[in-house]
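Residue numbers (the numbering used here): 42 to 292.
The structure appears right after this line, and notes come after that.
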């Protein structure tokens, strides 16, 4: 790690959702920035530090450093570049997602282009969403808040198009094929909800489409995640496409 890393000492009482006993307000989101370009890290650090509800707790120049700092700096969220030396962002994301001690850490991956096929690998590895590097500053801050709150950053357009393109394989399940084992545990209603989630609809939009209440839809989503062993909505999208429930021709 370079001398400009800025890693902060661990704070056992920290957490994005935990209230500050002194003020009664939510504690700042603890953000770790991982990018191999120092100028990019510095620019992101200045932006994130300008937000009152966020703190930069560390900066990593490699994926290996990102994994280590996610643990030692007690980060809530890692803004992770996909392409890094030593250990790339995909493998770093996979290690963070697989570590039980880091179960509450979210990963938001960054890429130069929204057509980067590695984004799908990152989502499979456990990332909760992605952004392109030329995203406007306010959008990056909003994305951090969204992912830190436990949601996934999945827009109906780029994400669905990207996943559909990458998963358009010769052995993909054809339309109308029997449901694969991965979906066998889902009810018909749960499959309907999953299909809408895969197309980028949020709970309120899916509820309106199916004539359900938002709370009922949220319950369905939670049950689907449990049955499929999905970490978040991003992995539900991957599961829907990989299983053939949603196909490129119908998306």
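No residue lacks a Cβ here, since even glycine has one placed at the ideal position from N, Cα and C.
In this text, all values refer to a predicted model and were calculated from it rather than measured experimentally.
Under 8 Å between C-beta atoms of residue i and residue j
| i | j | result |
| --- | --- | --- |
| residue 137 | residue 162 | no |
| residue 188 | residue 171 | no |
| residue 178 | residue 251 | no |
| residue 119 | residue 148 | yes |
| residue 236 | residue 281 | yes |
| residue 76 | residue 122 | yes |
| residue 234 | residue 258 | yes |
| residue 71 | residue 193 | no |
| residue 108 | residue 73 | no |
Between the CA atoms of residue j and residue i - distance to the nearest angstrom
| i | j | result |
| --- | --- | --- |
| residue 185 | residue 152 | 15 Å |
| residue 114 | residue 96 | 11 Å |
| residue 181 | residue 127 | 26 Å |
| residue 83 | residue 145 | 25 Å |
| residue 129 | residue 100 | 15 Å |
| residue 85 | residue 240 | 30 Å |
| residue 247 | residue 225 | 21 Å |
| residue 255 | residue 173 | 30 Å |
| residue 165 | residue 276 | 6 Å |
| residue 283 | residue 125 | 27 Å |
| residue 139 | residue 272 | 10 Å |
| residue 92 | residue 229 | 43 Å |
| residue 218 | residue 168 | Caution is warranted here: a pLDDT of 43 is assigned to residue 218, below 50, making its placement in the model unreliable, and no coordinate value can be reported. |
| residue 62 | residue 232 | Low confidence applies to residue 62: its pLDDT is 40, below 50, so where it sits in the model is not reliable enough to give any reading. |
| residue 79 | residue 106 | 14 Å |
Rounded Cβ spacing between residue i and residue j (contact assumed at less than 8 Å)
| i | j | result |
| --- | --- | --- |
| residue 143 | residue 190 | At roughly 17 Å, the Cβ-Cβ gap does not stay under 8 Å, so residue 143 and residue 190 are not in contact. |
| residue 133 | residue 102 | Rounded, the Cβ-Cβ distance is 12 Å, inconsistent with contact. |
| residue 262 | residue 278 | Going by Cβ atoms, the distance from residue 262 to residue 278 rounds to 12 Å, so no, they are not a contact pair. |
Among the options, nearest to residue i - alpha-carbon criterion
| i | options | result |
| --- | --- | --- |
| residue 67 | 104, 106, 117, 81 | 117 |
Curious, which full-length alpha helix (DSSP H) runs of at least 4 residues does the stretch 252-292 contain?
255-269, 274-284
Whole alpha helix (DSSP H) runs in the stretch 109-147 with 4 or more residues, listed along the chain?
130-139
Would you mind listing the beta strand (DSSP E) stretches within the stretch 62-90 that are 3+ residues and don't spill past its ends, in chain order?
70-75
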